[in-house]
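**Q** Quick one: structure below, then a few questions.
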Amino acid sequence: MNAIVTVLGQDKVGIIAAVCNCLADYNVNILDISQTILQGAFTMVMAVDVSKSTASFGELGEALAGLGAQMGLSIRIQREEIFDAMHSI
Amino acid sequence: MLNQKEILSTVEMIAQQHLDIRTITLGLSLLSCCDPDPHRACEKIYEKICRCAEKLVKTGCDIEDEFGIPIVNKRISVTPMAMVAGASETEDYVPFALALDRAARTCGVNFIGGYSALVQKGMTKADELLIRSIPQALAQTELVCSSINVGSTRAGINMDAVALMGRIIKETAEATADQDGLGCAKLVVFCNAVEDNPFMAGAFHGAGEAEKVINVGVSGPGVVHHALQSVKGQPLDVAAETIKKTAFRVTRMGQLVAQEASRRLEIPFGIVDLSLAPTPAVGDSVARILEELGLEVCGTHGTTAALAMLNDAVKKGGVMASSSVGGLSGAFIPVSEDEGMIAAARRGTLCLDKLEAMTCVCSVGLDMIAVPGDTPAETIAAIIADEAAIGMVNNKTTAVRVLPAPGKTVGGTIEMGGLLGSAPVMPVHPESSAAFINRGGRIPAPLHSLKN
Chain A
403 MNAIVTVLGQ
413 DKVGIIAAVC
423 NCLADYNVNI
433 LDISQTILQG
443 AFTMVMAVDV
453 SKSTASFGEL
463 GEALAGLGAQ
473 MGLSIRIQRE
483 EIFDAMHSI
Chain B
81 MLNQKEILST
91 VEMIAQQHLD
101 IRTITLGLSL
111 LSCCDPDPHR
121 ACEKIYEKIC
131 RCAEKLVKTG
141 CDIEDEFGIP
151 IVNKRISVTP
161 MAMVAGASET
171 EDYVPFALAL
181 DRAARTCGVN
191 FIGGYSALVQ
201 KGMTKADELL
211 IRSIPQALAQ
221 TELVCSSINV
231 GSTRAGINMD
241 AVALMGRIIK
251 ETAEATADQD
261 GLGCAKLVVF
271 CNAVEDNPFM
281 AGAFHGAGEA
291 EKVINVGVSG
301 PGVVHHALQS
311 VKGQPLDVAA
321 ETIKKTAFRV
331 TRMGQLVAQE
341 ASRRLEIPFG
351 IVDLSLAPTP
361 AVGDSVARIL
371 EELGLEVCGT
381 HGTTAALAML
391 NDAVKKGGVM
401 ASSSVGGLSG
411 AFIPVSEDEG
421 MIAAARRGTL
431 CLDKLEAMTC
441 VCSVGLDMIA
451 VPGDTPAETI
461 AAIIADEAAI
471 GMVNNKTTAV
481 RVLPAPGKTV
491 GGTIEMGGLL
501 GSAPVMPVHP
511 ESSAAFINRG
521 GRIPAPLHSL
531 KN
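Chains A and B supply the protein sequences, listed in that same order.
Numbers 403 to 491, taken from our numbering, label the letters of the first sequence in order.
Numbers 81 to 532, taken from our numbering, label the letters of the second sequence in order.
Take a look at the structure:
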């Protein structure tokens, strides 16, 4: 099952490393990363495969949100289908 | 392949523009619970609801977590209770409401709808007993919602029922006077009620429905408002196109959630209700959309036209996004639940008469409107009759949910909190409608040709 991780907030050193480490801790494989600075804000979108994750989807979401809170960022993980449904016919 | 811009636009809609699924509603038939013994019937009702809705809230929360989309309410709608209770040998229907309330608490849902009767052409003994029990039923329960259908395009308007509902609304306000007449927020009077509506207070599971269905109501005034900001000053057909595209996206999400909920609960998918349902939160208002279209304040001249365009564009965009559209499907204009409507009513620009005109072109009716506590029952009945006439003639659903708050006068406010918001008390015409209402009888069904 694929999911999309979005990370938004103030740019600083180590964001990608921290998010990747967190995902690796739960055995989540990263399929694609795109990252830019949009209007001064750090913006990262990752496509990940959670089918071999050691945690439930809810736990993974909480872990990422917790990491986000520590780093002053907004980090979400959502299943890919919601984006497909909204943006493709 | 998804692009970053699309992904971020979805995240922004959810995080900043209040995009949410307003409700997942489980429609459930209770016809199998009929029993001559009222205690046994109540037990069967409680048991069936708890068994069928056991996983509803958990499933809703799981979908919320995985898709990252808030699902604000999980609700249950049941067979109009007059049909079920009518089989029991009792004249006291309040225990049926208590059974619904108990079951709703056990399941953890936000509301349960269906303490209802359909009396558009005539009233059975059970219908009348149920209607007369409404004030106590709503005073003694917290989660039960009640709706009465008093008219239809096919049957006309049952004016005896309209007159009775005027009195019942007053009694309900008095029975819940300690909460500013909150009971009336859970009581709606319909013309042309729909059987698959997932929204409260008017949800019930019609007799023509399957045993169980999942209906989903979407929302998203904030998203439409935001999208319109990008076409400021452009012609209205451009605005209509923008609304359509936005409604399409919002509804696609509703369809996805509905299918997912249906699959996980192993309950057939019923409909997606394409509604723009506001909340009292800033940035989630239908009135502010109308103002974005160029009106200084919602309620001024041009409001009806703007609303007609908005309502139609929402339907056109949404209808292609879902395999099955139903329910009320349109823009709601509940005054107390819409921050912009509250502001317009406080300012005096938005009045009852303008709201009535607006209901001719949108879903659903005079909704969540506080009127003075001393408003006569006949005046409330006449407000219902006017609204029912609009629905009857125009072949659409209309409804009235007014709150005659005991002791409150024009200028006062009823605070209900949460999604119900706060309602400024609006003036009604002081001239009497009593002689008209006291005639009773029926307004015959309208002609279906010679339309003008």
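Quick reminder that beta carbons are idealized off the backbone N, C-alpha and C, glycines included.
Compare the beta carbon distance of T445/A and L410/A with 9 Å and say whether it is the shorter of the two.
**A** Along the first sequence, read from residue 1 onward, the residue named residue 445/A stands at position 43. Along the first sequence, read from residue 1 onward, the residue named residue 410/A stands at position 8. Yes, the pair counts as a contact, with Cβ atoms nearer than the cut-off.
**Q** Since T478/B is in the beta strand (DSSP E), which residue starts that stretch and which ends it?
**A** For the purposes of this step, residue 478/B is taken as residue 398 along the second sequence, with counting starting at 1. First-last of the beta strand (DSSP E) with T478/B: T478 to P484.
**Q** From I369/B to I464/B, what distance separates their C-alpha atoms?
**A** Mapped onto the second sequence, residue 369/B falls at position 289. Mapped onto the second sequence, residue 464/B falls at position 384. When rounded, the distance between both Cα atoms is 27 Å.
**Q** Reducing DSSP to helix, strand and coil, say where F516/B ends up.
**A** Position 436 of the second sequence, counted from the first residue, corresponds to residue 516/B. The answer is helix: DSSP assigns F516/B an H, G or I state.
**Q** Going along the chain, which unbroken runs of the alpha helix (DSSP H) with 4 or more residues stay wholly within the region 378-464 of chain B?
**A** Listed in chain order, they are 383-399, 419-427 and 432-438.
**Q** List the whole-angstrom C-beta distance separating A265/B from M421/B, where the pair is believed to meet the contact cut-off of C-beta under 8 Å.
**A** Your numbering for residue 265/B matches position 185 in the second sequence. Your numbering for residue 421/B matches position 341 in the second sequence. About 15 Å; that fails the 8 Å criterion.
**Q** If you measure from the beta carbon of D145/B to each beta carbon in chain A, is any gap under 9 Å?
**A** Numbered from 1 along the second sequence, position 65 holds the residue referred to as residue 145/B. D145/B counts as touching chain A.
**Q** Going by the CB atoms, is the gap between V293/B and V337/B shorter than 9 Å?
**A** Position 257 of the second sequence, counted from the first residue, corresponds to residue 337/B. Position 213 of the second sequence, counted from the first residue, corresponds to residue 293/B. Against a cut-off of 9 Å, the Cβ pair of V293/B and V337/B comes out as no contact.
**Q** With T477/B and M438/B assumed to form a contact (beta carbons below 8 Å), what rounded beta-carbon distance in angstroms separates them?
**A** The count along the second sequence starts at 1 and reaches residue 477/B at position 397. The count along the second sequence starts at 1 and reaches residue 438/B at position 358. Contact doesn't hold; Cβ gap of about 14 Å is too wide.
**Q** Rounded to whole angstroms, what's the CA-CA distance from G148/B to E171/B? Just pull it up for me.
**A** As a working note, residue 148/B is residue 68 in the second sequence. As a working note, residue 171/B is residue 91 in the second sequence. Their Cα atoms are separated by approximately 48 Å.
**Q** If contacts are defined as beta-carbon pairs under 8 Å, then T326/B and G397/B qualify, I think. What distance do you get, rounded to the angstrom?
**A** Within the second sequence, numbered from 1, the residue matching residue 326/B stands at position 246. Within the second sequence, numbered from 1, the residue matching residue 397/B stands at position 317. Confirmed, Cβ separation roughly 7 Å.
**Q** Between L435/B and V508/B, which are expected to be in contact by the criterion C-beta below 8 Å, what is the C-beta distance as a whole number of angstroms?
**A** On the second sequence, residue 435/B is found 355 positions in, with the first residue counted as 1. On the second sequence, residue 508/B is found 428 positions in, with the first residue counted as 1. So it is not a contact: roughly 12 Å between Cβ atoms.
**Q** Using the beta-carbon of each residue, which ones in chain A are nearer than 9 Å to R329/B?
**A** Indexing the second sequence from 1 puts residue 329/B at position 249. Within chain A, the residues near R329/B are A487, M488 and H489.
**Q** Looking at the structure shown, is R481/A part of a helix, part of a strand, or coil, going by DSSP?
**A** By one-based count along the first sequence, residue 481/A stands at place 79. If DSSP states are grouped into helix, strand and coil, R481/A belongs with the strands.
**Q** Write down every uninterrupted run of the beta strand (DSSP E) in the region 197-261 of chain B whose length is 3 residues or greater and which is fully enclosed by it, in chain order.
**A** List check, beta strand (DSSP E) in window: 224-232 and 236-238.
**Q** Are L111/B and A133/B closer than 9 Å when you measure CB to CB?
**A** Numbered from its first residue, the second sequence carries residue 111/B at position 31. Numbered from its first residue, the second sequence carries residue 133/B at position 53. No, Cβ-Cβ distance for L111/B and A133/B is not below 9 Å.
**Q** Do you know how far the Cα of G492/B is from the Cα of G302/B?
**A** Residue numbering aside, residue 302/B sits at position 222 when the second sequence is read from its first letter. Residue numbering aside, residue 492/B sits at position 412 when the second sequence is read from its first letter. Roughly 28 Å between the two C-alpha positions.
**Q** Which bits of chain A does R332/B rub up against, with CB to CB less than 8 Å?
**A** Here residue 332/B refers to the residue found at position 252 when the second sequence is read from its first residue. The answer, in chain order, is A487 and M488.
**Q** Could you name the residues of chain B that T445/A contacts, counting a contact when the two beta carbons are closer than 8 Å?
**A** Along the first sequence, one-based indexing puts residue 445/A at 43. By Cβ distance, chain B contributes Q84 and L88.
**Q** Hey, is the region 213-225 of chain B in contact with the region 184-196 of chain B, meaning 3+ C-beta pairs nearer than 8 Å?
**A** With the cut-off at 8 Å, the region 213-225 of chain B and the region 184-196 of chain B touch.
**Q** Closest Cβ-Cβ distance between G300/B and chain A: below 9 Å?
**A** If you number the second sequence from 1, residue 300/B lands on position 220. Judged by the 9 Å Cβ criterion, G300/B is not in contact with chain A.
**Q** DSSP state of G63/B, grouped into three classes?
**A** The first residue shown for chain B is 81 and the last is 532, placing residue 63/B beyond what the model contains.
**Q** If A287/B and M163/B are in contact, beta carbons under 8 Å, what's the gap, nearest whole angstrom?
**A** Within the second sequence, the letter at position 207 stands for residue 287/B. Within the second sequence, the letter at position 83 stands for residue 163/B. Between M163/B and A287/B the Cβ distance is about 7 Å, and since that is below 8 Å, they are a contact.
**Q** Going straight from the alpha carbon of A243/B to that of T429/B, what length do you get?
**A** Within the second sequence, residue 243/B is the residue found at index 163, counting from 1. Within the second sequence, residue 429/B is the residue found at index 349, counting from 1. Cα to Cα, A243/B sits roughly 29 Å from T429/B.
**Q** Can you tell me whether DSSP reads N474/B as helix, strand or coil?
**A** In the second sequence, counting from the first residue as 1, residue 474/B sits at position 394. Note: N474/B maps to helix in three-state DSSP.
**Q** Over the uninterrupted alpha helix (DSSP H) stretch that includes A443/A, give me the two end residues.
**A** By one-based count along the first sequence, residue 443/A stands at place 41. Element bounds for A443/A: not the alpha helix (DSSP H) but the beta strand (DSSP E), A443 to D451.
**Q** Does DSSP classify Q314/B as helix, strand or coil?
**A** Counting from 1 along the second sequence, the entry for residue 314/B is found at position 234. Three-state DSSP puts Q314/B in coil, outside helix and strand.
**Q** Mind checking P175/B: buried by the 16 CB within 10 Å criterion, or exposed?
**A** Locating residue 175/B in the second sequence gives position 95, counting from the first residue. With 16 or more other Cβ atoms within 10 Å, it is buried.
**Q** Tell me which residues of the region 129-160 of chain B have at least one Cβ-Cβ distance to chain A shorter than 8 Å, keeping chain order.
**A** Answer in chain order: D142, D145, E146, F147, G148 and I149.
**Q** Starting from G470/A, find everything on chain B with Cβ-Cβ shorter than 7 Å and list it in chain order.
**A** Numbered from its first residue, the first sequence carries residue 470/A at position 68. In chain order: nothing, as chain B lies at least about 12 Å away.
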